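Residue numbers (the numbering used here), protein chains in the order written: chain A, 883 to 1176; chain B, 5 to 451. All C-beta atoms in this analysis are idealised placements derived from N, C-alpha and C, irrespective of residue type, glycine included. Just so it is clear, the structure is predicted and the values come from calculations on it, not from any experiment. For reference, the structure is listed below as structure tokens.
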């Protein structure tokens, strides 16, 4: 088949070429912007990772250089000196427990607020949501007093209850939004089929709110994992303390063993990264689903 | 089908939560009848053991002297030996709190919540007054006999830790804060000793700057520690050791701010916003010639400094300000750590607490602690031939000083201390004049 030679008028040719150039320039610009933000986001973690293999002297003299000898011992020191293994296990246990209980409670609260009409509904919702605005440090004395009076000081359950409670406002806020979006007809059909209150909650509403629950659970898990103040306030022994206290183990009154601390930080961020990798689809869809609503 | 899967998932989540909650709650659930019966039938030996354990007094001691702290090893040894000596009667249980800011926050919350730790430490800034006023601290007055008093430096117990006639805190660790300088770097620009006046010091700084060295380290991040020390030296040199008693209206504060602003012309480019690690890093790497800090830093010259740094470090009193009310050789310093204890209902426990505090303040133990850490204490230990060289010089210079004045952080109200780093940043960046700098501090004070 012979090629057809289409001759474009000169003016049109120039316009196509200009568009081509413009598209290339825009593409390059797009990549520059993307690369800038990628480096901006990745650089601190990369710096932290490299610094965790240096000596303190190297870190101070050449903060941006590579280590002369890679100090893998920093990780051993981090694990040994601060009992990081036990603290890590405590963090896993406390964060998972507090997240499970929090999400169960937030789901129940949200179900009632989102799906039923009753007097004072909005006031109850505002009361729950207002908790988001209260700075956690302001609650140190009351939480300490309650936990101490209940005999839960330096016990896993003490921290779990507090973490569950402090996460309720955010979780309720997120989950309620998702439950509001479930069509009423679905629930009505379930009622016609003979579904009771609990069946509707566990079999219809909870599965349909999965994205919201996972989003809230991720936030809650990260809050528990990164929390420091209450872990410090409500515990006194290694058998209960969490990994955030382990990180601070290398900071004392007058000096800091930065490299061991950085090694401990790298160890501590691993679960957050895994958590995100496992649930990234749900998290992203959870975060963006609200954005396209009219 | 999907419904079934969802149901299964929901049920498994619920079951897992149930197991988790019951496991956790099980740990603190009351004992069942069966458990109580089996306990009652336990051998008498166990009962006797329990009785014995009941008699043992447990002292809770949250402390920062753990982990990588220079005093950690000796403190740990002292506690172990105290517990061994008092086996069956007293047991000191340590709560490790290496992070100092967290420690301050926790002890403050504990005291406010009415649950002060049995023994803890506090410094001379902010919190101590809250503790004194709380009414939750033990009064040591009945226990301060001549024998115990005699182990402390002359007059210390009469003026430190006393509130409304009660001895509520035992001054323990001392902070004296000289100028630390790198003699090798000073020699490079023709100086064998540290200048005596600020005019001479700035002349030397010009030479150091010309030699491409950082003349003196500064910082405005965190609590602006090293710069706060410089400002304290300058303000007491201009206004005299009693300058704080006259308040921020004293012109010395503005004059000192002018000198301080000049100091930032002779420091590193990363000083504004820098935390404590930055000035320390410059000095430890021989990039900066002059540094200001306390005796606890001595160990770091050997541990973290470049090779040979320790041998090059010398100390001197800060320069004096010509025409100022201060004197040559004047030092700044403060109580770095007070030992305080919670008021006890049980007399036996009160005595146990005092026994442990006496143990910690025993001159032999303090000497051991001082030697190991480089820190100075209010307990008489004396200077011997094996006293560390820099520490020895600190003791001698501070003993010979015409006065040891409080530093700014210890002398001013907490609100002013909190504002200081921001105000100093503004001064260093030229956003505030020295007059405006002091106005910022005054505004914080009147809030």
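DSSP places residue 171 of chain B in the strand class (E or B) of the three-state scheme. A straight line joining the alpha-carbon of residue 131 of chain B with that of residue 225 of chain B spans about 21 Å. Per DSSP, reduced to three states, the secondary structure at residue 1128 of chain A is helical. DSSP places residue 403 of chain B inside the alpha helix (DSSP H), whose first and last residues are 393 to 404. Along the length of the stretch 200 to 287 of chain B, whole alpha helix (DSSP H) runs at least 4 residues long occupy 202 to 214, 229 to 243, 255 to 267, reported in chain order. DSSP places residue 66 of chain B in no alpha helix (DSSP H) but in the uninterrupted beta strand (DSSP E) bounded by 61 to 67.
By the criterion of a C-beta distance shorter than 7 Å, residue 423 of chain B is surrounded in its chain by 444, 445, 448, once the five residues flanking it on both sides are discounted. Residues of chain B with a Cβ closer than 7 Å to the Cβ of residue 1135 of chain A are, in chain order, 68, 73, 104. At least 8 Å separates the beta-carbon of residue 93 of chain B from that of residue 300 of chain B. Relative to residue 1166 of chain A, the option among A/1107, A/1140, A/1092, A/1132 whose CA is nearest is A/1092. At a cut-off of 8 Å between C-beta atoms, residue 310 of chain B counts as an interface residue with respect to chain A. Within the same chain, 94, 95, 96 come within 8 Å of residue 87 of chain B by CB-CB distance, once the 5 residues on both sides are set aside. With contacts defined as CB atoms closer than 8 Å, residue 293 of chain B and residue 217 of chain B qualify as a contacting pair. A residue is called buried when at least 16 other Cβ atoms come within 10 angstroms of its Cβ; residue 909 of chain A does not meet this threshold and is exposed. Here DSSP, grouped into helix, strand and coil, assigns residue 95 of chain B to strand.
Secondary structure note for residue 336 of chain B: its beta strand (DSSP E) is the uninterrupted segment 335 to 345. DSSP links residue 381 of chain B through a beta bridge to B/177. When DSSP states are grouped into helix, strand and coil, residue 195 of chain B belongs to the coil group. Cβ-Cβ distances below 7 Å link residue 402 of chain B to 180, 335, 337, 408 in the same chain, with the five nearest sequence neighbours on each side left out; the list follows chain order. For residue 113 of chain B, the residues of chain A that pass the 8 Å Cβ criterion are 1022, 1023, 1026, 1115, in the order they occur in the chain.
Minimum Cα-Cα distance from residue 117 of chain B among the listed residues B/100, B/138, B/82 corresponds to B/138. Using beta-carbon distances, residue 1139 of chain A counts as an interface residue toward chain B, with a partner under 8 Å. Residue 1064 of chain A sits in coil when the DSSP states are folded into three classes, being neither helix nor strand.
Under DSSP, residue 157 of chain B takes part in no beta bridge, so it has no partner. Proximity of residue 1079 of chain A to chain B, defined by a Cβ-Cβ separation below 8 Å, is not satisfied. Across the structure, residue 1063 of chain A and residue 1096 of chain A are spaced so that their CA atoms are roughly 16 Å apart.
At least one beta carbon of chain A lies nearer than 8 Å to the beta carbon of residue 288 of chain B. Residues of chain A with a Cβ closer than 8 Å to the Cβ of residue 281 of chain B are, in chain order, 942, 1138, 1140. If you compare the alpha carbons of A/1067, A/980, A/906 with that of residue 1038 of chain A, the shortest gap goes to A/980. Taking CB atoms only, residue 1118 of chain A has a neighbour in chain B less than 8 Å away. Residues of chain B whose Cβ lies closer than 8 Å to the Cβ of residue 996 of chain A do not exist, since the nearest Cβ in that chain is about 18 Å away. The alpha-carbon separation between residue 249 of chain B and residue 417 of chain B amounts to approximately 12 Å.
Per DSSP, the continuous beta strand (DSSP E) segment holding residue 183 of chain B begins and ends at 183 to 186.
Contacts between residue 1132 of chain A and chain B, judged by CB atoms closer than 8 Å, involve 71, 72, 102 in chain order. Residue 324 of chain B is not a Cβ neighbour of residue 318 of chain B, given a cutoff of 8 Å.
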